[in-house]
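Numbers in this note's numbering are just positions in the sequence shown, counted from 1, shifted up by 19. Glycine is no exception: its CB is placed at the ideal position from the N, C-alpha and C atoms.
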Amino acid sequence: MEVQTLKYPAIRNYVAGQGVDSSAATLDVMSPLSGQLISTVPLSSAAALDEAVQAAKVAFPSWSAMPIKERVQIFYRYKTLLERDMKALADLVREENGKTYDEARAEVEKAIELTEFACSMPQLIQGEFLEVSKGVEARAERKPLGVVASIAPFNFPNMVPHWTIPNALVLGNTMILKPSEQVPLSAVKIAELLKEAGLPDGVLNIVNGDREIVEAICDHPAIQAVSFVGSTKIAKVVYIRATSNLKRCVALGGAKNHLMVLPDAHPEMTASNVAASMSGCAGQRCMAGSTMVGVGAVDGIVAKIVEEARKIIPGQNLGSVISKEAKARIEQHITEAEAAGAKVLLDGRNAVVPGHEEGYYVGATVIDYVTPDMRIAQEEVFGPVLAIMRTNTLDEALAIENANPYGNAAAVFTASGSSARYVMDHANAGMIGINIGVPVPREPFSFGGWNESKFGACDITGKSSIEFWTQLKKTTTKWNPESRVNWMS
Ligand code: NAD
20 MEVQTLKYPA IRNYVAGQGV DSSAATLDVM SPLSGQLIST VPLSSAAALD
70 EAVQAAKVAF PSWSAMPIKE RVQIFYRYKT LLERDMKALA DLVREENGKT
120 YDEARAEVEK AIELTEFACS MPQLIQGEFL EVSKGVEARA ERKPLGVVAS
170 IAPFNFPNMV PHWTIPNALV LGNTMILKPS EQVPLSAVKI AELLKEAGLP
220 DGVLNIVNGD REIVEAICDH PAIQAVSFVG STKIAKVVYI RATSNLKRCV
270 ALGGAKNHLM VLPDAHPEMT ASNVAASMSG CAGQRCMAGS TMVGVGAVDG
320 IVAKIVEEAR KIIPGQNLGS VISKEAKARI EQHITEAEAA GAKVLLDGRN
370 AVVPGHEEGY YVGATVIDYV TPDMRIAQEE VFGPVLAIMR TNTLDEALAI
420 ENANPYGNAA AVFTASGSSA RYVMDHANAG MIGINIGVPV PREPFSFGGW
470 NESKFGACDI TGKSSIEFWT QLKKTTTKWN PESRVNWMS
């Protein structure tokens with residue numbers, strides 16, 4: 020039998036600072052750019068998870084006892100390693116996810132920003148202190164939870180792990196990371212760089228797999244908190260299962276983000292923003308503006324959006340989608356919308372990139388006269404497709420936005436301050452853009468949607484995540500026990 024050599028070594032789990040062989044069945048890892056097999060990933064069992072959790076438990080006492088100002092030193096060093104290896108990290112993201120080099124590099128730049136934020140934690144988590152009665156002081160300080168878990172999706176193999184790793188670890192927790200089985204390569208490199216930066220063994224462990232390992236994470240009694248990023252269907256399952264096992268959970272789900280375009284919007288800026296929002300990372304962003312609502316006379320702006328979208332060329336400034344199945348699903352959405360009466364202004368079906376004929380490409384697609392009852396207006400398409408609906412008033416546009424079950428982002432393009440303010444007040448989403456097509460809140464602001472785009476109380480990044488990754492310890496002290504002045508002894 021011919022033995023195929025893989026471009027990347029077979030992925031192993033990472034426990035207590037070492038790659039660990041496993042006898043588990045494996046899944047093929049394909050590069051969506053070429054449709055070629057590039058590695059394999061183990062579908063680990065609950066026993067493999069337990070091994071990693073034990074390593075994380077062993078590492079916790081000394082890691083959590085280290086002063087936070089020492090823990091952040093490791094992350095300062097790590098940041099310089101991310102900068103040093105930027106190209107290698109971006110190449111990995113590109114290879115396993117299919118995005119363009121610039122998009123992959125932007126992901127690593129965001130990982131650096133997230134690491135910088137974690138390095139500022141000593142300034143952010145100072146506790147509180149008060150003399151609560153004569154000679155008696157109370158103080159409150161933030162303590163880590165213990166072993167925590169982070170479950171990641173395919174669309175940002177480098178950035179999403181950095182939403183959780185730096186903050187949770189700097190705050191004193193130890194972690195199990197479960198990368199997406201579709202993109203397991205970047206996580207290996209992240210672990211290697213953290214080890215090089217001086218992270219003690221066992222503080223970060225990686226367990227690969229799919230459903231079985233996610234369920235085992237939700238059930239494991241020694242895991243205190245679970246963060247999840249992925250589709251709404253699985254986010255719900257994970258949130259319910261983890262919290263029913265009395266764990267903390269924040270679970271981010273899918274999205275259907277509406278871009279409302281008013282006739283007074285700046286035409287060129289709006290067109291380039293809308294086209295970039297729907298097609299960046301091949302539309303596989305939870306912040307993608309996949310749905311536009313044109314309010315009133317916006318034909319001129321729609322024409323410019325099509326003009327901009329025509330400049331987006333698969334294999335050049337447009338990456339591939341993640342899999343053959345994703346390509347088929349996206350193209351099916353376009354076909355169905357057309358059959359339902361929508362007008363395809365730009366058709367990205369059957370895109371082929373010369374030299375990459377087996378890659379999973381869908382061209383930029385713009386569909387006008389979509390109506391709210393169509394499937395394309397309701398479901399997350401997760402491809403470079405813009406569905407345009409039309410209304411006469413901003414209130415009608417907001418009614419469409421408000422009726423969708425998700426609530427990640429919403430944006431308005433307008434030159435009117437009062438229209439912008441009206442959308443800020445009335446859009447039913449966690450992240451709002453005013454003349455911005457992808458309104459990702461940069462650090463120290465936190466990332467998180469509303470409604471079916473997020474389950475759980477805290478956001479996953481920024482200051483809000485401090486609450487998620489820590490618990491408050493309150494100590495009341497009488498320094499002079501001989502004192503007779505007292506209240507509540
Ligand atoms: P997914 O839900 O299929 O997978 C996410 C994770 O769940 C993976 O690690 C996967 O192994 C695991 N998983 C898959 N099926 C499972 C099951 N039946 N039971 C338990 N675990 C399971 O998501 P995806 O396709 O990898 O990522 C794309 C989705 O993620 C999109 O819906 C996108 O909007 C969403 N996303 C949301 C955000 C956000 O911030 N809200 C960010 C990135 C991605």
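For this session: Within its chain, find whatever has a CB closer than 7 Å to the CB of Thr134; leave out the 5 residues flanking it on each side and keep chain order.
Result: Phe94, Tyr97, Lys98, Leu101, His181, Pro185
For this session: For Leu46, collect the residues of the same chain with a Cβ closer than 7 Å to its Cβ; drop the 5 residues on either side in sequence, then sort them by chain order.
Result: Thr59, Val60, Leu62, Glu200
Exercise. Considering only the beta carbon of each residue, do Ala458 and Ala430 sit closer than 9 Å?
Worked result: Checking the sequence, you will find Pro at residue 458 rather than Ala. Going by C-beta atoms, Pro458 is nearer than 9 Å to Ala430.
Exercise. With 16 as the cutoff for other CB atoms within 10 Å, does Leu149 come out buried or exposed?
Worked result: exposed
Problem set entry | Sequence-distant residues of its chain with Cβ nearer than 8 Å to Gly146 (five each side left out) | Arg158, Ala159, Glu160, Arg161
Exercise. For the segment 277-293 against the segment 306-323, are there 3 or more C-beta pairs whose distance is under 8 Å?
Worked result: yes
Exercise. Hey, how far is the Cα of Ile325 from the Cα of Ala418?
Worked result: First, the residue type needs correcting, since residue 325 is Val and not Ile in the sequence shown. Their backbone Cα atoms lie some 26 Å apart in a straight line.
Exercise. Could you give the distance in angstroms between the alpha-carbon of Glu21 and the alpha-carbon of Arg348?
Worked result: With a pLDDT of only 48 at Glu21, under 50, the local geometry of the prediction cannot be trusted, and the value read off the model is given with reservation. Straight-line Cα distance between these residues: approximately 33 Å.
Exercise. Taking 8 Å as the cut-off, is the CB of Gly302 close to at least one heavy atom of the ligand NAD?
Worked result: no
Problem set entry | Straight-line Cα distance separating Cys268 from Glu122 | 29 Å
For this session: Excluding the 5 residues preceding and the 5 following Ala129 in the sequence, name in chain order all residues of the same chain whose CB lies nearer than 6 Å to its CB.
Result: The question names Ala, but residue 129 is Lys in the sequence shown. Around Lys129: Met178.
Exercise. Beta carbon of Thr467, beta carbon of Cys477: below 9 Å?
Worked result: For clarity, residue 467 is Gly in the given sequence; the question names Thr instead. Contact: yes.
Exercise. Does the Cβ of Gly360 have 16 or more other Cβ atoms within 10 Å, making it buried, or fewer, making it exposed?
Worked result: exposed
Exercise. Less than 9 Å separating the beta-carbons of Val372 and Leu413?
Worked result: no
Exercise. Does DSSP classify Met105 as helix, strand or coil?
Worked result: helix
For this session: Assign Arg124 to one of three DSSP states: helix, strand, or coil.
Result: helix
Exercise. For the candidate residues Ser339, Gly378, Ala322, Glu399, whose alpha-carbon lies nearest to that of Leu365?
Worked result: Ala322
Exercise. Straight-line CA distance for Pro460 to Asn423?
Worked result: 22 Å
Problem set entry | Which listed residue (Glu486, Tyr33, Ser139) has its alpha carbon closest to that of Asp69 | Tyr33
For this session: Note down, in chain order, each residue of its chain lying with its Cβ closer than 7 Å to the Cβ of Val233, except the 5 sequence neighbours on either side.
Result: Ile170, Lys197, Val257
For this session: For Phe487, name the three-state secondary structure that DSSP assigns.
Result: helix
Exercise. Can you tell which of Gly378, Ile407, Asp318 has the C-alpha that lies nearest to the C-alpha of Glu357?
Worked result: Ile407
Exercise. Secondary structure at His375, three-state DSSP: helix, strand or coil?
Worked result: strand
Exercise. Of the residues Val363, Ser437, Glu377, which one's Cα is nearest the Cα of Tyr388?
Worked result: Val363
Exercise. Residue ranges of each beta strand (DSSP E) run of no fewer than 3 residues wholly in the segment 35-77, ordered along the chain?
Worked result: 37-39, 45-50, 55-61
Exercise. By DSSP, does Ala370 sit in helix, in strand, or in coil?
Worked result: coil
Problem set entry | Span of the beta strand (DSSP E) around Ile453 | 450-453
For this session: Rounded to whole angstroms, what's the CA-CA distance from Ile57 to Asp40? Just pull it up for me.
Result: 18 Å
Exercise. DSSP three-state call for Pro86: helix, strand or coil?
Worked result: coil
Exercise. From Ala35 to Gln490, what does the alpha carbon distance come to, in whole angstroms?
Worked result: 25 Å
Problem set entry | Pair within 9 Å by beta-carbon distance, Asn224 and Ile195 | yes
Exercise. Cβ of Cys477 within 8 Å of any heavy atom in the ligand NAD?
Worked result: no
Exercise. With respect to 8 Å, is the separation between the Cβ of Pro198 and the closest non-hydrogen atom of the ligand NAD below this value?
Worked result: yes
For this session: Name the one or two DSSP bridge partners that Cys268 has.
Result: Val245
Problem set entry | Per-residue DSSP class, three states only, for Arg409 | strand
For this session: Quick one: which unbroken beta strand (DSSP E) runs of 3-plus residues sit fully inside the segment 414-464? Chain order, please.
Result: 428-432, 450-453
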